[in-house]
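Working notes for the structure below.
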């Protein structure tokens with residue numbers, strides 16, 4: 001009864017304690033064995049030991065430390081990686097696939113397609129999913145985590161059926177379950193057991209679920225292997241479909257109730273997670289496979305030394321490249337200060353033609369305001385004290401007037417009012433005034449952009465403080481990782497606010513200009529121009545049909561693009577206003593549309609690959625990935641120590657508690673709601689503990705010989721070819737036709753330093 005009040009009371013009142021009665025009982029039983037010759041299977045021993053699952057073995061920690069009040073049972077910390085990611089969540093996901101198979105149609109194919117459409121995020125935080133996610137081929141623990149974090153938009157609407165009156169209840173229950181699973185994974189505090197029982201009662205009981213095709217194939221292989229060894233196979237006869245139930249009577253599910261207590265005792269789960277040790281072992285094995293398996297210690301040491309030498313050479317090369325770039329930028333700035341003549345309209349077009357014909361600019365897309373994948377934009381390491389960092393390189397640029405003429409000639413709605421909005425933004429930045437209103441034409445005319453050039457950049461790095469007061473970094477690229485969040489300036493921390501504390505936008509271009517603010521008489525001021533960095537963004541808005549988002553809704557915040565013909569669809573943003581990058585999940589259920597924007601330079605170029613924007617369309621709806629990492633979770637839930645500057649915005653959004661609809665039987669395991677099944681397939685073993693409050697374990701459903709597969713209990717020596725290596729941590733053996741798509745080497749196109757711990761060890765932030 002995980003999550004019930006009775007379960008929580010039992011965990012407090014019946015904790016195992018290494019006290020004197022336990023130790024004296026163990027010593028007495030050991031005397032019976034060693035002095036009186038009692039057998040280990042003696043009924044006398046079982047009467048004494050079995051009641052509390054003791055064994056007649058001394059514990060070294062108990063012998064040495066019990067006199068100091070040490071309780072060795074508290075050493076057995078929970079294991080999030082194996083008990084949840086490779087345990088409970090894996091079992092829930094597999095059973096959801098069984099439900100989709102039982103529901104029929106092309107639901108499994110839709111699930112695979114939706115996972116393929118999920119974008120990546122960060123440095124290995126969310127990776128590209130395989131073409132056939134439902135096959136679950138050798139998934140690593142990090143892959144199961146990614147499946148959960150992106151699951152809500154994927155499963156949305158898959159169980160809806162006009163012919164089934166309860167299908168909306170099924171879909172709502174699955175969405176509630178996935179939200180609470182993701183929230184539990186982030187904080188381990190919600191009533192997970194209640195929603196699991198609701199899922200079992202309202203959804204699982206309505207479908208006759210059987211083995212997945214991959215499970216059938218694995219069972220056939222096991223039977224063949226047993227036959228070769230002369231072993232007798234048990235369970236379902238060969239060729240028969242086997243009924244599978246969702247089992248909640250497992251240790252891994254039961255252990256989830258201990259996490260809150262251990263968090264209070266020992267702090268965050270990354271202090272005692274097995275993930276770090278498992279992945280360090282994986283790193284050593286990566287060296288081992290490149291040895292001849294003899295005297296491998298010496299060979300591994302040599303490999304490690306070579307890596308260090310190569311890392312130093314790369315760092316030296318990058319430092320020289322950065323120094324060259326900075327020298328060029330300084331020369332360009334000095335040269336531009338001596339060329340402060342304002343170009344007329346005719347001379348602007350002439351300069352534009354000269355600019356486009358220049359050899360170094362031939363690689364630029366004539367309309368795209370982004371730097372292509374094949375071109376470099378050197379960016380050195382970012383000091384942690386800086387809020388953001390943009391390259392000093394001036395190689396990639398657009399002539400402002402020529403570019404606007406070209407875009408407007410093709411009817412691009414994105415560049416409508418581009419120039420006046422840009423001048424408004426630059427005037428506010430140069431004059432130090434508020435950016436909330438528009439300015440007059442005379443004020444705009446005072447903004448002087450040197451040589452009318454927009455300098456384009458590939459990457460913008462944002463440093464931010466995480467919830468646990470650490471410094472972290474997001475890399476933003478207008479082509480593939482351009483979604484950002486900023487604080488909503490309309491939030492009033494005192495008055496009720498029917499909105500959301502954040503605004504969201506997608507970067508269409510990363511620019512800097514060299515600009516001056518002319519004197520009121522039109523003359524140039526003394527001194528060099530200022531470098532003004534800014535973002536051209538496309539704004540999201542709340543879906544009008546959706547109510548204001550609250551945590552208690554158990555749904556992800558839903559947004560859509562502002563239509564291009566409306567005010568505020570596009571704008572300019574100071575990089576200092578960006579909080580961090582955000583993961584936008586497409587609402588696959590709602591499809592795509594051209595209603596928001598036609599063909600435009602505001603969409604990233606395709607670069608020869610299947611575009612996320614699918615030509616000239618947008619997703620009708622996006623969901624904000626609030627579970628992408630723990631820092632993002634705390635930004636929406638509130639309470640992060642490192643988020644002091646934004647904590648007040650959550651007083652009207654996230655203070656409401658999550659209530660999960662459950663029956664009154666939650667606190668009484670003897671009155672659990674009965675799960676109705678069709679009479680023609682009612683299992684004869686269901687007159688048991690689940691329905692009567694009595695009976696042995698697993699009596700509610702037929703014994704499942706493969707339950708160990710769902711919950712990850714099987715050892716690594718299985719002969720099943722589909723068993724994961726390294727307890728689900730390796731995940732690198734997918735077939736060639738099922739390789740994940742490379743998302744252009746991340747936001748920085750592989751140009752970052754390459755020594756990030758996440759890339760080196762292969763796991764995202766804990």
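Numbering (full-length UniProt numbering), first residue to last: 1 to 766.
Every residue gets a Cβ at the ideal spot worked out from N, C-alpha and C, and that includes glycine.
Treat the numbers as computed from the prediction; the structure is a model and nothing was measured.
For the alpha helix (DSSP H) that contains residue i, what are its first and last residues?
{"i": "residue 112", "result": "107 to 116"}
{"i": "residue 217", "result": "213 to 229"}
{"i": "residue 199", "result": "192 to 202"}
{"i": "residue 264", "result": "259 to 266"}
{"i": "residue 94", "result": "89 to 103"}
{"i": "residue 420", "result": "418 to 431"}
{"i": "residue 254", "result": "251 to 254"}
{"i": "residue 145", "result": "141 to 149"}
{"i": "residue 601", "result": "Looking at the DSSP string, residue 601 is not in any alpha helix (DSSP H), and its letter there is neither H nor E."}
{"i": "residue 47", "result": "43 to 49"}
{"i": "residue 443", "result": "441 to 444"}
Run through DSSP, which three-state label would residue i get?
{"i": "residue 473", "result": "strand"}
{"i": "residue 632", "result": "helix"}
{"i": "residue 571", "result": "strand"}
{"i": "residue 289", "result": "coil"}
{"i": "residue 736", "result": "For residue 736, the pLDDT reaches just 43, beneath the cut-off of 50, and the residue's location in the model is therefore unreliable, although a value from the coordinates is still provided. Looking at residue 736 - three-state DSSP - the assignment turns out to be helix."}
{"i": "residue 595", "result": "coil"}
{"i": "residue 480", "result": "coil"}
{"i": "residue 179", "result": "helix"}
{"i": "residue 727", "result": "Legend: pLDDT at residue 727 = 41, less than 50; position of this residue unreliable, value from coordinates given subsequently. In this structure, residue 727 counts as helix in the three-state DSSP scheme."}
{"i": "residue 543", "result": "coil"}
{"i": "residue 169", "result": "helix"}
{"i": "residue 549", "result": "coil"}
{"i": "residue 275", "result": "helix"}
{"i": "residue 516", "result": "strand"}
{"i": "residue 505", "result": "strand"}
{"i": "residue 583", "result": "coil"}
{"i": "residue 284", "result": "helix"}
{"i": "residue 535", "result": "strand"}
{"i": "residue 405", "result": "helix"}
{"i": "residue 521", "result": "coil"}
{"i": "residue 7", "result": "helix"}
{"i": "residue 294", "result": "coil"}
{"i": "residue 55", "result": "coil"}
{"i": "residue 304", "result": "helix"}
DSSP has residue i in a bridge; who is on the other side?
{"i": "residue 578", "result": "486"}
{"i": "residue 156", "result": "Its beta-bridge partners do not exist; DSSP assigns none."}
{"i": "residue 210", "result": "243"}
{"i": "residue 453", "result": "399"}
{"i": "residue 128", "result": "Its beta-bridge partners do not exist; DSSP assigns none."}
{"i": "residue 530", "result": "515"}
{"i": "residue 827", "result": "Any answer about residue 827 is impossible in this case: the structure gives the chain only from 1 up to 766."}
{"i": "residue 121", "result": "126"}
{"i": "residue 619", "result": "592"}
Among the options, which has the Cα closest to the Cα of residue i?
{"i": "residue 82", "options": "548, 18 and 255", "result": "255"}
{"i": "residue 9", "options": "265, 261, 299 and 407", "result": "261"}
{"i": "residue 80", "options": "104, 273, 126 and 171", "result": "273"}
{"i": "residue 111", "options": "134, 307, 503 and 39", "result": "134"}
{"i": "residue 140", "options": "590, 387 and 275", "result": "275"}
{"i": "residue 445", "options": "321, 126, 517 and 49", "result": "517"}
{"i": "residue 409", "options": "44, 600 and 646", "result": "600"}
{"i": "residue 103", "options": "203, 130 and 623", "result": "203"}
{"i": "residue 93", "options": "136, 78 and 574", "result": "136"}
{"i": "residue 23", "options": "49, 142 and 44", "result": "49"}
{"i": "residue 76", "options": "184, 170 and 265", "result": "265"}
{"i": "residue 6", "options": "257, 33, 95 and 44", "result": "257"}
{"i": "residue 747", "options": "591, 637, 548 and 482", "result": "482"}
{"i": "residue 422", "options": "457, 533 and 474", "result": "533"}
{"i": "residue 206", "options": "96, 640 and 438", "result": "96"}
Mind reading off the beta-carbon distance from residue i to residue j? Whole number of angstroms is fine, and I expect it under 8 Å.
{"i": "residue 369", "j": "residue 508", "result": "7 Å"}
{"i": "residue 513", "j": "residue 455", "result": "7 Å"}
{"i": "residue 560", "j": "residue 621", "result": "5 Å"}
{"i": "residue 627", "j": "residue 319", "result": "Actually they are not in contact, since the Cβ atoms of residue 627 and residue 319 sit about 38 Å apart, beyond 8 Å."}
Could you check where the beta strand (DSSP E) with residue i kicks off and where it finishes?
{"i": "residue 34", "result": "Segment 20 to 34 is the alpha helix (DSSP H) holding residue 34; no beta strand (DSSP E) there."}
{"i": "residue 465", "result": "459 to 465"}
{"i": "residue 559", "result": "558 to 561"}
{"i": "residue 623", "result": "622 to 624"}
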